[in-house]
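All remarks here apply to the structure that follows.
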Amino acid sequence: MTQFRPGRQVMVAGVGLHPFGRFPGKDLPTLALEAVVPALGDAGVQWRDIQVAYFGHVYYNGMSMGEGALGRLGLTGIPIINVENACSSGSTAFWQAYWGITTGIFDLALAFGAEKVPRGPVTVTAEDSPERYIGADHMMAGYALRMRRYMMETGASETALAQVAVKARQNASLNPYSHRKETNSVEDVLQSRMIADPLTLFQCCPTSEGAAAAVLVAEDALSRYSIDKARAIRIAAAVLTSGGYNGKGSDHSAFSPYRTEPAALEAYEVSGLKPEDVDLVQVHDAATIGELQQLEALHLIPFGEAWRATEDGRTAITGDIPTNTDGGLLAMGHPFGATGIRMIHETVLQLRQEAGPRQVKNARVGLAECSGAGDVTTVHILTR
Amino acid sequence: MPESVDTRRLKLTNEERTEGVLLGFRCLECDTVIFGPGTFCQRCTSAKLEPMEFSQTGILYSYTVVRIPSAGWPGPVPYILAQVELSEGPQVLAELVDCLEDALEIGMPVELTLQLVQGEDSSAAKVVYKWRPANQPSPTAEVDP
């Protein structure tokens, strides 16, 4: 776990987003810059003012893609770091930008992520790995194993799981940047193509293309860069953890979000906030079961009860635990390197009361949780 | 002769390559049992690991029927992917064979079985560990010598 305690207060000064979906005519740097430039504009800062940049992405599109993208804005010579941390690559880039500022090294940092995820089931291991013969490397099959076990242990119904996907589409229909824009019904979700039972297609996130960016600044440097203090959002906690002993001694993760709980407990401790203080949450809903287990691991809902909370509408925008308000991975889409920063983007909009038709009333505290292979888990808490 | 799919996880024990054992380690300092390769203990980081061979049976912890497989999967579609808990503790993911979908039940006992798997394209054939329902006669010889 993190050994250091925060030093300087860090703020999110600006955010930017490229829509999520499929963009065959655009290369990765183009996608990335169409998020970066709006983020700089949102913060009201110039590219030449940025002192360090972290770029989250996973799939190979050539070497040093962060440099390749930002070079088009001008070669300023700042350190640019490419970050690969699976589905948490973007949130890891954001975490690094935070720590670069809070420790006093930098005043103004850029975190951005972009991805063009290939179609088809997502795998973790290399193509020549033994896993291809064994048949165990299949991300959604892993979620399906968790889902069947969860349903047995908690009594969750298939319709409750499907409701997670329906809610995601409802939120995404209010979001012009989302990959999936059509709403659907519980029946549509359950009758969609079976991927790895009991997980149907519409209970799995799409593989997407897209980009997201955030500009971070030290609170004590806000006026130096003429940044509007009223629109800056405070980072109350930034926690990253990777795989620990999973209690089973297995050669795969325990297929539970077992790193979320320790990361969340540290984030609550650092921020001085409690689960009941959280007004809205973005969690890693790569599959419907993911949202339920993450909400429970974050201590926002007691273990085994998130499916019922979903049925009762508590996780809707109008509920008491608004979850994945922009559509989440399930409907907003999942371009790996962008996803973690997309969550920050949505949280910032909500806390600024700029989320339009999907605005959560009186949102003051937002939590973003992102998980990836290697059991990389980030938890960020933002406050207004 | 075909090789084990992963010699750190499966040791073949007869000349015909039809029998084998799953491999792992026990930590001599904290007693944690680990399936598969390890140089240091996952839990306490000790290097004092003792190689161990696991028993041939386990319990079905969870399962899924994979209908859209990952690229490179050389087996049948759909296939059953089983998450099996060994009596020694670790869980091992592998295909479950010789079982109808309707007969699947969490908690059912399963046993190790080996199959010769021809890789996609010109990839080499490997002996791969699988699970099958325990105490059930084998329908066919699994591996041609």
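Protein chains in written order, with the working numbering: chain A, 655 to 1038; chain B, 566 to 710. Cβ atoms here follow ideal geometry from the backbone N, Cα and C, with glycine treated the same way. Remember, it's a predicted structure, so these values are computed and weren't measured experimentally.
Reduced DSSP secondary structure (H/G/I, E/B, other) of A/D974
Of the three classes helix, strand and coil, the one that applies to A/D974 here is coil, per DSSP.
Can you pull the chain B residues whose beta carbon is under 7 Å from the beta carbon of A/A795, in chain order?
Those within 7 Å of A/A795 in chain B are T629, V631 and L646.
Identified DSSP bridge partners for A/I755:
Note: A/I755 sits in no beta bridge, so no partner.
For B/Y628, the residue or residues it bridges with in DSSP
Beta-bridge annotation (DSSP): B/Y628 is paired with B/A647.
Going by alpha carbons, who is nearest to A/V771 out of A/T813, A/Y713 and A/R803?
When only C-alpha atoms are compared, the closest one is A/Y713.
In the DSSP output, what is A/H672 paired with across the bridge?
A/A865, per the DSSP bridge assignment.
Count the other C-beta atoms from every protein chain shown that fall within 10 angstroms of the C-beta of A/Q1007, then say buried if there are 16 or more, exposed otherwise.
Classification for A/Q1007: exposed.
Any C-beta of chain B within less than 9 Å: which residues of the region 860 to 878 of chain A qualify?
Residues: none.
Assumed close pair A/G767, A/S783 - CB separation to whole angstroms, cut-off 8 Å
That belief does not hold up - the Cβ atoms of A/G767 and A/S783 are roughly 26 Å apart, past 8 Å.
Using a C-beta cutoff of 7 Å, does A/E850 count as contacting chain B?
Checking the sequence, you will find Ala at residue 850 of chain A rather than Glu. True, the Cβ-Cβ gap to chain B drops below 7 Å.
Is A/L870 near A/A763, with beta carbons less than 7 Å apart?
For A/L870 and A/A763, yes; Cβs fall inside 7 Å.
Can you find a CB in chain A that lies within less than 7 Å of the CB of B/Q683?
Not closer than 7 Å to any Cβ of chain A, the Cβ of B/Q683 fails to qualify, so no.
Can you tell me whether B/T610 is helix, strand or coil according to DSSP?
In this structure, DSSP gives B/T610 a state outside helix and strand, which the three-state scheme calls coil.
Can you give me the Cβ contacts of B/K695 inside the same chain, cut-off strictly under 6 Å, excluding the 5 residues immediately before and after it?
Excluding positions up to five away in sequence, the list reads A659, E660, V662, T678 and Q680.
By Cβ distance, which residues of its chain are closer than 8 Å to A/D974, with the 5 residues on each side in sequence left out?
Here the set comprises R968.
Can you tell me whether A/T895 is helix, strand or coil according to DSSP?
Secondary structure of A/T895 (DSSP, three-state): strand.
Strictly by DSSP, which residues pair up with A/D851?
Bridge partners of A/D851: B/V630.
For A/T942, return the contacting residues in chain B, with the cut-off set at a CB-CB distance below 7 Å.
Neighbours of A/T942 in chain B, taken as residues at a C-beta separation under 7 Å, are lacking, since the least C-beta distance is about 14 Å.
Where in the region 900 to 932 of chain A do unbroken runs of the beta strand (DSSP E), each at least 3 residues long, occur, reported from the N-terminal end onward?
With a minimum length of 3 residues, there is no unbroken run of beta strand (DSSP E) contained wholly in the region 900 to 932 of chain A.
Extract the residue ranges of the alpha helix (DSSP H) inside the region 943 to 999 of chain A, only unbroken runs of 4 or more that lie entirely within it.
Whole alpha helix (DSSP H) segments, 4+ residues: 960 to 965 and 982 to 985.
What number of angstroms, rounded off, separates the C-alpha of B/L665 from the C-alpha of A/E688?
Using only the alpha carbons, I get a separation of about 51 Å.
For B/L658, decide whether its Cβ has a neighbour in chain A, counting only Cβ atoms nearer than 7 Å.
True, the Cβ-Cβ gap to chain A drops below 7 Å.
Quick one: what's got a C-beta closer than 6 Å to A/G981's C-beta in the same chain, skipping five residues either side?
The beta carbon of A/G981 is closer than 6 Å to those of A822, N825, A826, N829 and S832 in its chain, skipping five residues each way along the sequence.
Is the number of C-beta pairs between the region 925 to 940 of chain A and the region 1009 to 1025 of chain A that are closer than 8 Å three or more?
Cβ pair count under 8 Å is three or more, so yes.
Taking the C-alpha atoms as reference points, what is the distance between A/W701 and B/P602?
A/W701 and B/P602: Cα-Cα distance of roughly 47 Å.
Could you please tell me which residues of the region 833 to 846 of chain A, in chain order, have their CB closer than 8 Å to any CB of chain B?
Cβ contacts with chain B: none found.
Taking only three categories from DSSP, how would you classify A/E807?
A/E807: helix per DSSP, three-state reduction.
If you pair each beta-carbon of the region 626 to 638 of chain B with each one of the region 792 to 807 of chain A, do three or more pairs fall below 8 Å?
Of all C-beta pairs linking the region 626 to 638 of chain B to the region 792 to 807 of chain A, three or more are shorter than 8 Å, placing the two stretches in contact.
Counting C-beta neighbours from all protein chains within 10 Å, is the total for A/N838 16 or more, i.e. buried, or is it exposed?
Flag for A/N838 reads buried.
Three-state secondary structure assigned by DSSP to A/F856:
When secondary structure is reduced to three states using DSSP, A/F856 falls in the helix class.
Mapping DSSP to helix, strand and coil, what is A/R802?
Of the three classes helix, strand and coil, the one that applies to A/R802 here is helix, per DSSP.
Can you name the start and end residues of the alpha helix (DSSP H) that A/G720 belongs to?
Note, A/G720: alpha helix (DSSP H), M719 to L724.
With a cut-off of 8 Å on the beta carbons, I'd call A/R834 and A/A970 a contact; round off their distance for me.
Contact flag wrong, Cβ pair sits at about 17 Å.
Check whether the region 612 to 625 of chain B touches the region 637 to 654 of chain B, counting contact only when three or more Cβ pairs, one atom from each stretch, lie closer than 8 Å.
The answer is yes - the region 637 to 654 of chain B touches the region 612 to 625 of chain B, with three or more Cβ pairs under 8 Å.
Taking the alpha carbon of A/E950 as the point to measure from, which residue in A/P911, A/V924 and A/N978 has its own alpha carbon closest?
For A/E950, the closest alpha carbon among the candidates A/P911, A/V924 and A/N978 is that of A/P911.
Return the first residue and the last residue of the beta strand (DSSP E) that B/L588 is part of.
Unbroken beta strand (DSSP E) run through B/L588: G585 to C592.
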